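Engineer: Quick one: the structure is below, questions incoming.
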Amino acid sequence: MKASKQIALVAHDAKKAELIHWVQANAAALGRHSFWATGTTGKRIQEACPDFVVRPLKSGPLGGDQQIGAKIAEGEIDILIFFTDAMSPHPHDADVRALTRLSTLYNVAMATNRTTADFLIASPLFSEAYEAPTGGGDGTPGT
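Counted the way my numbering counts, the sequence shown spans residues 15 to 157.
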């Protein structure tokens, strides 16, 4: 993985404002990276942070989560920031579980809340080249 990361930004409705605030508060650290986002999340981030280029996908429940998953499987996403709402049921919950599974399987760094996202971007590896081990959540050893 290159020093400039491909980052997917996703948030459940109740967490969109929190993700936007996090992006704004961390604009300096995030600025050199590239972004993908599900529909409404991407649109709202782009409106709040016009200097960021966010490539929008479909809305999560309309296939956006699956589009992010496909990008993970193709090696096009390095980091997934997905602020989840753990207190509400979601009709596309199976897609959310699939994203977690794919992130684990392909060794994609994943944050589901602000604290974890803060730790991720504070890591020296966030802005350096990094060779992720192959293996992953499937039980095979990494190389």
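Cβ coordinates follow ideal geometry from the N, Cα and C atoms, glycine included.
None of these values were measured; they are calculated from a predicted model.
What three-state label does DSSP hand isoleucine 91 in the structure shown?
Structural biologist: coil
Engineer: CB isoleucine 34 to CB arginine 69, shorter than 8 angstroms?
Structural biologist: no
Engineer: Once the 5 residues before and after leucine 134 are set aside, which same chain residues still bring their CB inside 8 angstroms of it?
Structural biologist: Ile93, Ile95, Ala123, Ala125 and Phe140
Engineer: Under the rule that 16 or more other beta-carbon atoms within 10 Å means buried, what is serine 117, buried or exposed?
Structural biologist: buried
Engineer: Taking the beta carbon of lysine 29 as the centre, do at least 16 other beta carbons fall within 10 Å, making it buried, or is it exposed?
Structural biologist: Buried: at least 16 other Cβ atoms inside 10 Å.
Engineer: If contacts are defined as beta-carbon pairs under 8 angstroms, then glutamine 20 and glutamate 90 qualify, I think. What distance do you get, rounded to the angstrom?
Structural biologist: 6 angstroms
Engineer: In the DSSP assignment, find the unbroken beta strand (DSSP E) run with arginine 69 in it and report its ends.
Structural biologist: 68-70
Engineer: How would you write the range of the beta strand (DSSP E) that alanine 100 sits in, first residue to last?
Structural biologist: First-last for alanine 100: undefined, no H or E at that position.
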